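Number of protein chains: 4
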Amino acid sequence: MRVKDETKQQALFEATVKVVNEIGFASSSVAKIAKEAGISPATIYIYHENKEDLLVSTYIEIKKGMGRALLQGFDTSMPIRDIFMMVWRNGFEHVSKHRADFHFTEQFANSPFIDLVDMEEVNKYFETIYQVIQRGIDEKIIKDVSFEILGVFMFYPMLILSNKRHCSGFALTDENIETAFNMAWDAIKL
Amino acid sequence: MRVKDETKQQALFEATVKVVNEIGFASSSVAKIAKEAGISPATIYIYHENKEDLLVSTYIEIKKGMGRALLQGFDTSMPIRDIFMMVWRNGFEHVSKHRADFHFTEQFANSPFIDLVDMEEVNKYFETIYQVIQRGIDEKIIKDVSFEILGVFMFYPMLILSNKRHCSGFALTDENIETAFNMAWDAIKL
Amino acid sequence: MRVKDETKQQALFEATVKVVNEIGFASSSVAKIAKEAGISPATIYIYHENKEDLLVSTYIEIKKGMGRALLQGFDTSMPIRDIFMMVWRNGFEHVSKHRADFHFTEQFANSPFIDLVDMEEVNKYFETIYQVIQRGIDEKIIKDVSFEILGVFMFYPMLILSNKRHCSGFALTDENIETAFNMAWDAIKL
Amino acid sequence: MRVKDETKQQALFEATVKVVNEIGFASSSVAKIAKEAGISPATIYIYHENKEDLLVSTYIEIKKGMGRALLQGFDTSMPIRDIFMMVWRNGFEHVSKHRADFHFTEQFANSPFIDLVDMEEVNKYFETIYQVIQRGIDEKIIKDVSFEILGVFMFYPMLILSNKRHCSGFALTDENIETAFNMAWDAIKL
DNA sequence: GATGAATGAGTGTTCATTCAT
DNA sequence: CATGAATGAACACTCATTCAT
């Protein structure tokens, strides 16, 4: 795998997301993705070892972007609740701007492909957030339960609410986002 | 004229779930499912119009079972919170007994296959629960927000917490289940 | 093969002709023919040993009808030319009334299926006509060339001219039929 | 990038003709044709969109060769009858050299596949001959009837007489060919 | 006599991947 | 670096036929 043309690599990621979103993993083929990206199927093998690698790389690329987006404007000195609200808003903003990407990750994370991902690598993009949660627990602001349970009420709701497939009726207005945040906060706050 | 073998149909559903869970939609083929079910690939087409129909039927079959399970022991006269707790417990119990089925639906619901399902048909299995929610809203016990938002905090958590992929560290103990219920209830109660 | 229901047998012949004409031998299947005939594929095997036998039987059935039709109103005492003209007219009349049947035989006779037919059996339906030809040769009215060559100019033209595929512009009017007859007669007469 | 192998394309045409002639459209499969051509079934799809396209292309290829062959030695200044005789002889010579090809076209032209052919494209290979016919009509040498009728007596006989299936007893000797020509000429001449 | 269930073998076509250019 | 040609293996699905009922 020799890397050269960065725009081609980018086009490949975008094509992968588009094709998989439109027809699912079951029907997605290297040929179709290549066609969408405007390159030859053979060229994909210059950028990626095989099909699996293409899919996994696409997933990690998107996750990296999400981790970065959530922490936009982050400031340790802010009150815990404000930090969460900011993260919450950042999350909705980022997702609404990258619906397709996020849609892809949902599909990916609920398939056996997820087993191929080195979760350590992904988690490090969210490290800072874990630290905030821990602080909240230590300061007795947040319930003292496992990160996983907290995530179920604080982070998954962002994904589900933003997912047209699951919540077709939830418009991403400031008001709706705040209402939902209050519910999430009620769930996790002590 | 031989008569249609009902056990074959059942074996087919189980094989579909098993194969899809193990290797995902991307690699699941009619031949593999048939082999797992111990029948000829051609026989599948006696029971189902095509592959799509097999997958969709499997999904609906599972959803039907879930809807039935959630309402086990249901009694209108119970207090709203108790009903939800019962549904919550029923949910975890059912899911823990049918992990594979439920795993399949997660994958299915996050793929384009879900678009092939007549949601009306699925929703009717959950009709009674919708009525309880409405009663809770009317009696000012539950927050007056859309069903979708409530579902995100009251029902999706069951799915995510039970999902080893997403919550490997969440053991389905009575204590954990109750802790999580309290968080869900905090989120939706007025 | 036990024969019972004559109308079913007839429906089967008609279905065979219809299906083969519409989609050709390449796509025709026992199942499609059975469906067209309104019976089960399995039932076909009560009336015919196998698919081949069904096709061949259909061909022979049609040929029998043609042989009979050509000789309608036949009378040995008529002048040779008049006999030919009568046969010619009978031919066009019969074909125009049984376009589909005739269409089927064209396709059949130009496929390897024809090799399965016992030509002796078919030829006997046309025996009388061969005798007339021989008389014409003996009486020095018709050119003394082989039956095959004479057939090419006297009988094949009926088939080709009646075939919409080959002669879309040839309307089966009395005038056209007579014009063509004169050409055929010019070809074979001494 | 490997370059398309023209001999492979040719082998494919020949294999198609051979297989279809031997077992008919009903039994001819892409796999059998590929095997006969010595290539992988998948390779066929590099040269042709699908099976249909392979068959149609083969037909057109053969027709093109025929059109060219008929006009060998063609000279406008020759008398009409001599031109026809030359075309007639060219036809028999070409057919006898390419029996298999011509056999294929007979089968093809009597099947629904013929409907897939752009007749305009085929007819242009015979354009010159149509002009000669028209000249013959204008000069009152040939009967003033439609091209189709003339073709039935002037061109179809070549095909039928050369067809072992229809005329097993017609040897392609110069004498036989001339005898038949005279009959054809008698049919169409004024 | 008639049929739907059942299937091994086959259908046309696409797959992920390699390779010569 | 990039590609179209090439393919063995697999794909979803249909085949002709048999068989229990």
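Protein sequences, first through last, are from chains B, D, V and P. Numbered according to the working numbering, the first sequence terminates at residue 176, and the numbering increases by one at each position without gaps. Numbered according to the working numbering, the second sequence terminates at residue 176, and the numbering increases by one at each position without gaps. Numbered according to the working numbering, the third sequence terminates at residue 176, and the numbering increases by one at each position without gaps. Numbered according to the working numbering, the fourth sequence terminates at residue 176, and the numbering increases by one at each position without gaps. No residue lacks a Cβ here, since even glycine has one placed at the ideal position from N, Cα and C. Note that the structure is predicted; figures quoted are calculated from it, not measured.
Item to complete: Helix, strand or coil for Phe48 (chain B), going by three-state DSSP, please let me know.
Response: First, the residue type needs correcting, since residue 48 (chain B) is Ile and not Phe in the sequence shown. Here Ile48 (chain B) sits in helix by DSSP.
Worksheet item: For Glu107 (chain B), which residues from the same chain have a beta carbon less than 8 Å from its beta carbon, with the 5 sequence-adjacent residues on both sides left out?
Response: Ile46
Fill in: Per-residue DSSP class, three states only, for Ile25 (chain P)
coil
Worksheet item: What residues from chain B crowd round Met52 (chain D), counting only those whose CB sits closer than 7 Å?
Response: The contacting residues do not exist; Met52 (chain D) stays about 16 Å from chain B at best.
Fill in: Per DSSP, the bridge partner or partners of Phe175 (chain B)
Reading the sequence as shown, one finds Lys at residue 175 (chain B) and not Phe. Answer is B:Ile128.
Discussion item. If distances are taken between C-alpha atoms only, which option among P:Asp172, P:Glu164 and P:Lys37 comes closest to Gly77 (chain P)?
Written reply: P:Glu164
Discussion item. Measuring straight from C-alpha to C-alpha, what distance separates Glu113 (chain P) and Met105 (chain P)?
Written reply: 12 Å
Worksheet item: On the three-state DSSP scale, how would you describe Gly141 (chain V)?
Response: Position check: residue 141 (chain V) holds Phe in this sequence, whereas Gly was assumed. DSSP places Phe141 (chain V) in coil when its eight states are reduced to three.
Worksheet entry | Pair within 8 Å by beta-carbon distance, Val81 (chain V) and Leu56 (chain V) | no
Practice prompt. Classify Gln117 (chain V) as helix, strand or coil using the three-state DSSP reduction.
Written response: helix
Worksheet item: So Glu107 (chain V) is in the alpha helix (DSSP H); what residue range does that whole segment cover?
Response: Met105 to Asn109
Item to complete: Could you tell me the boundaries of the alpha helix (DSSP H) in which Ala157 (chain V) lies?
Response: It is not in any alpha helix (DSSP H) - Ala157 (chain V) carries neither H nor E in the DSSP assignment.
Worksheet item: Excluding sequence positions up to five away, which residues of its chain have a Cβ less than 6 Å from the Cβ of Ile48 (chain D)?
Response: Asp87 and Thr91
Discussion item. Which same chain residues end up closer than 6 Å to Ser148 (chain B) when comparing Cβ atoms and leaving out the 5 residues on each side of it in sequence?
Written reply: Once the five neighbours on either side are set aside, the close Cβ partners of Ser148 (chain B) are Val81.
Fill in: Against chain B: residues of the region 123 to 137 of chain D by CB proximity under 9 Å
Lys129, Val131, Ser132, Phe133, Glu134, Ile135, Leu136 and Gly137
Discussion item. What are the residues in the region 93 to 116 of chain D lying within 7 Å of chain B by C-beta distance?
Written reply: Gln93, Asn96, Ser97, Pro98, Phe99 and Ile100
Worksheet item: Short check: CB of Ile146 (chain B) to CB of Ile174 (chain B), under 8 Å?
Response: no
Worksheet entry | Cβ distance (whole Å) where Met140 (chain P) is taken to contact Ala95 (chain P) below 8 Å | The pair is not a contact, with the Cβ atoms about 17 Å apart (cut-off 8 Å).
Worksheet item: Along chain P, which residues have their Cβ under 9 Å away from the Cβ of Thr165 (chain V)?
Response: Lys129, Val131 and Ile135
Worksheet item: Using a beta-carbon distance below 8 Å, is Met(-13) (chain V) in contact with chain P?
Response: Its pLDDT being 42, under 50, Met(-13) (chain V) is placed unreliably by the model, and the measurement read from it follows with that caveat. Met(-13) (chain V) does not count as touching chain P.
Discussion item. Please classify Ser63 (chain B) as buried or exposed, where buried requires at least 16 neighbouring CB atoms within 10 angstroms.
Written reply: exposed
Item to complete: Please list the partners that Tyr142 (chain V) has in chain P, where partner means a Cβ-to-Cβ separation under 9 Å.
Response: Val138, Tyr142, Pro143, Ile146 and His152
Discussion item. Within 8 Å of any Cβ in chain B, is that where the Cβ of Phe(-1) (chain D) sits?
Written reply: no
Item to complete: Go to Lys(-10) (chain D), then tell me how far its alpha helix (DSSP H) extends in each direction, as first and last residue.
Response: Lys(-10) (chain D) -> no alpha helix (DSSP H), and no H or E assigned at all.
Worksheet item: What residue range is occupied by the uninterrupted alpha helix (DSSP H) comprising Lys83 (chain B)?
Response: First-last of the alpha helix (DSSP H) with Lys83 (chain B): Ile66 to Lys83.
Worksheet entry | Nearest neighbour of Ile135 (chain B), chosen from D:Leu(-2), D:Asn162 and D:Asn109 [CA to CA] | D:Asn162
Worksheet item: For Arg54 (chain D), which residues from the same chain have a beta carbon less than 8 Å from its beta carbon, with the 5 sequence-adjacent residues on both sides left out?
Response: Counting only Cβ-Cβ distances below 8 Å, and skipping sequence neighbours, we find Tyr111.
Discussion item. One question on the structure: do Val42 (chain B) and Val5 (chain B) come within less than 8 Å of each other, judged by their Cβ atoms?
Written reply: no
Fill in: Nearest-angstrom Cα separation, counted from Thr2 (chain V) out to Thr44 (chain V)
7 Å
Discussion item. Quick check on this structure: which residue in V:Glu125, V:Met144, V:Pro143 and V:Asp101 has the alpha carbon closest to the alpha carbon of Ser154 (chain P)?
Written reply: V:Asp101
Item to complete: Identify, in the order they occur along the chain, each residue of the same chain with its Cβ nearer than 7 Å to the Cβ of Asp130 (chain D), setting aside the five sequence neighbours on each side.
Response: Ile123
Practice prompt. Would you mind sorting Pro65 (chain D) into buried or exposed? The rule is 16 or more other CB atoms within 10 Å of its CB.
Written response: Pro65 (chain D) comes out exposed.
Worksheet item: Alpha carbon to alpha carbon, what distance is there between Pro98 (chain D) and Phe11 (chain D)?
Response: In a straight line, the C-alpha of Phe11 (chain D) is about 11 Å away from that of Pro98 (chain D).
Practice prompt. Rank P:Leu176, P:Asn7, P:Ser14 and P:Arg85 by C-alpha distance to the C-alpha of Lys126 (chain P) and give the top, closest one.
Written response: P:Leu176
Worksheet entry | Gly155 (chain D) at chain B interface by Cβ criterion, 8 Å | Interface residue, yes.
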